[in-house]
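In the numbering used here, the protein residues as written are 1 to 196.
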């Protein structure tokens, strides 16, 4: 099974592009969503996160995301420890999910493929890019957060130029109709490569 990674900086519009591929019949796996679900569902993860962050890691039996965000935001060491707990579980969940799929390829969306040096896990990588002012605008509307916070997140991610250098395909998502045309061309190109 061909696994295509889809990545891009915050606010680039990955979800919109992902949904478009899904509408073409391509199975999609959103690593972040699965990680969040597993952090709530898995007793092993819960136990380890409470050891790492203390009892405040969970509130009313649910992951206390604002608390965790505030703890890991400027602490790369703590973030790495959390990822070491969560990422292996997501990886094995993805393997199980993959076995159930029946299509030419699947797309796994992950925001920090390159940052975590995970590019070898994919046959191809699509990077979604967009102008920074648009990205900031989208995230401010979506998450109701300050421009400063978004800029610091952008600063912690690889630049679009860096990601593009390491990608097989690029979608420029400043205009959704244009982006969908690009995505459809990539879909066709992937099918051709797979069936060669």
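C-beta: ideal position from N, C-alpha, C; glycine also. Since we're looking at a predicted model, the values are computed, not measured.
| Close beta carbons around residue 164, own chain, < 8 Å, minus the five adjacent residues each side | 127, 129 and 170
| request: Assign residue 113 to one of three DSSP states: helix, strand, or coil. | output: coil
| Are the segment 36–52 and the segment 134–145 touching by the rule of at least three beta carbon pairs closer than 8 Å? | no
| request: Kindly confirm or deny that the segment 131–142 and the segment 87–106 touch, where touching means at least three C-beta pairs closer than 8 Å. | output: no
| said: Helix, strand or coil for residue 145? Go by DSSP, reduced to three states. | reply: coil
| query | Taking Cβ positions only, does residue 62 come closer than 7 Å to chain D? | reply | Considering every chain present, this structure includes no chain D. It has just one protein chain.
| said: Since residue 24 and residue 14 should fall inside the 8 Å C-beta cutoff, what is the C-beta to C-beta distance between them, to a whole number of angstroms? | reply: Residue 24 to residue 14, Cβ: 16 Å. No contact.
| task | Below 6 Å CB to CB, which residues in the same chain sit around residue 32 once its five sequence neighbours on both sides are set aside? | result | none
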